[in-house]
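In the numbering used here, the protein residues as written are 168 to 284.
Beneath this line is the structure, given in C-alpha coordinates, with notes to follow.
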(Lines of atoms letter the chains of each structure in order from A and count residues from 1; the text may use other names and numbers.)
(Lines give C-alpha, C1' and ligand atoms only; values in the text may rest on other atoms or scores of the structure.)
Protein backbone atom coordinates (compact mmCIF):
# COMPACT_ATOMS: atom_id res chain seq x y z
CA UNK A 1 0.00 0.00 0.00
CA UNK A 2 2.83 2.37 0.87
CA UNK A 3 4.44 1.77 -2.55
CA UNK A 4 1.13 2.53 -4.27
CA UNK A 5 0.82 5.86 -2.47
CA UNK A 6 4.40 6.81 -3.33
CA UNK A 7 3.82 5.88 -6.98
CA UNK A 8 0.64 7.97 -7.12
CA UNK A 9 2.40 10.98 -5.59
CA UNK A 10 5.23 10.72 -8.12
CA UNK A 11 2.82 10.40 -11.06
CA UNK A 12 0.74 13.37 -9.92
CA UNK A 13 3.83 15.53 -9.53
CA UNK A 14 5.01 14.62 -13.03
CA UNK A 15 1.68 15.54 -14.60
CA UNK A 16 1.42 18.80 -12.68
CA UNK A 17 4.87 19.89 -13.92
CA UNK A 18 4.00 19.86 -17.59
CA UNK A 19 5.12 23.04 -19.29
CA UNK A 20 5.88 24.48 -22.67
CA UNK A 21 9.30 24.04 -24.20
CA UNK A 22 10.62 27.31 -25.65
CA UNK A 23 12.08 27.77 -29.17
CA UNK A 24 11.33 24.35 -30.60
CA UNK A 25 12.09 22.85 -33.99
CA UNK A 26 10.06 20.06 -35.60
CA UNK A 27 11.70 18.33 -38.55
CA UNK A 28 11.64 15.03 -40.34
CA UNK A 29 11.73 13.07 -43.55
CA UNK A 30 8.73 11.75 -45.46
CA UNK A 31 9.42 8.27 -46.86
CA UNK A 32 7.57 6.12 -49.41
CA UNK A 33 6.61 2.85 -47.68
CA UNK A 34 7.28 0.71 -50.76
CA UNK A 35 10.42 2.20 -52.29
CA UNK A 36 11.87 3.50 -48.99
CA UNK A 37 12.83 6.67 -50.90
CA UNK A 38 12.15 10.24 -49.70
CA UNK A 39 9.06 11.92 -51.17
CA UNK A 40 9.38 15.54 -52.34
CA UNK A 41 6.67 18.22 -52.52
CA UNK A 42 4.62 16.68 -49.72
CA UNK A 43 2.43 19.22 -47.95
CA UNK A 44 3.25 18.89 -44.25
CA UNK A 45 1.01 20.62 -41.69
CA UNK A 46 2.38 20.88 -38.16
CA UNK A 47 -0.02 21.75 -35.35
CA UNK A 48 1.83 22.79 -32.21
CA UNK A 49 -0.26 22.91 -29.01
CA UNK A 50 0.90 24.90 -25.99
CA UNK A 51 -0.17 25.44 -22.38
CA UNK A 52 0.57 29.14 -21.94
CA UNK A 53 -0.65 30.16 -18.50
CA UNK A 54 -3.53 27.68 -18.38
CA UNK A 55 -4.40 27.12 -14.70
CA UNK A 56 -5.83 23.64 -15.28
CA UNK A 57 -2.84 22.38 -17.36
CA UNK A 58 -5.00 21.95 -20.47
CA UNK A 59 -3.74 23.17 -23.83
CA UNK A 60 -4.46 26.87 -24.18
CA UNK A 61 -4.08 27.26 -27.92
CA UNK A 62 -2.14 26.13 -30.98
CA UNK A 63 0.07 27.37 -33.77
CA UNK A 64 -0.31 25.84 -37.24
CA UNK A 65 2.27 25.97 -40.03
CA UNK A 66 2.27 24.29 -43.43
CA UNK A 67 5.40 23.63 -45.50
CA UNK A 68 6.46 21.39 -48.39
CA UNK A 69 9.22 18.82 -48.33
CA UNK A 70 12.35 19.52 -50.34
CA UNK A 71 13.94 17.21 -52.94
CA UNK A 72 15.27 15.04 -50.08
CA UNK A 73 11.83 14.65 -48.49
CA UNK A 74 12.86 16.89 -45.58
CA UNK A 75 10.65 19.41 -43.77
CA UNK A 76 11.54 21.72 -40.88
CA UNK A 77 9.51 24.25 -38.87
CA UNK A 78 10.27 26.44 -35.85
CA UNK A 79 7.83 27.47 -33.11
CA UNK A 80 8.22 29.90 -30.21
CA UNK A 81 6.92 27.31 -27.75
CA UNK A 82 5.03 24.05 -27.56
CA UNK A 83 4.06 20.99 -25.54
CA UNK A 84 2.46 18.63 -28.09
CA UNK A 85 2.66 18.40 -31.88
CA UNK A 86 0.64 16.78 -34.62
CA UNK A 87 2.18 16.29 -38.05
CA UNK A 88 -0.13 15.66 -41.02
CA UNK A 89 0.93 14.89 -44.58
CA UNK A 90 -0.93 15.27 -47.84
CA UNK A 91 0.22 14.55 -51.39
CA UNK A 92 -1.52 13.10 -54.44
CA UNK A 93 -1.21 9.36 -55.03
CA UNK A 94 -0.51 8.69 -51.32
CA UNK A 95 -2.69 8.12 -48.29
CA UNK A 96 -2.53 10.93 -45.73
CA UNK A 97 -0.03 10.49 -42.90
CA UNK A 98 -0.46 11.48 -39.26
CA UNK A 99 1.91 11.36 -36.27
CA UNK A 100 1.69 12.92 -32.80
CA UNK A 101 4.19 13.39 -29.98
CA UNK A 102 4.78 15.30 -26.78
CA UNK A 103 7.49 17.96 -26.96
CA UNK A 104 10.19 17.20 -24.39
CA UNK A 105 13.15 19.00 -25.95
CA UNK A 106 13.93 21.79 -28.41
CA UNK A 107 14.88 19.56 -31.36
CA UNK A 108 12.12 17.10 -32.38
CA UNK A 109 12.42 14.66 -35.28
CA UNK A 110 9.23 13.12 -36.63
CA UNK A 111 9.80 10.97 -39.70
CA UNK A 112 6.67 9.69 -41.45
CA UNK A 113 6.30 6.78 -43.83
CA UNK A 114 3.43 7.27 -46.28
CA UNK A 115 1.63 4.59 -48.25
CA UNK A 116 0.89 4.85 -51.98
CA UNK A 117 -2.81 4.63 -52.93
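The beta carbon of each residue, even a glycine, is placed where N, CA and C say it ideally should be.
- Judged by their CB atoms, residue 281 and residue 264 are nearer to each other than the 7 angstroms cut-off.
- In the structure shown, residue 190 adopts extended strand secondary structure according to DSSP, grouped into three states.
- The count of Cβ pairs closer than 8 angstroms, one atom from the stretch 248-260 and one from the stretch 209-221, reaches three, so the stretches are in contact.
- Here DSSP, grouped into helix, strand and coil, assigns residue 265 to strand.
- Comparing alpha carbon positions, the residue from 228, 188, 195 closest to residue 266 is 195.
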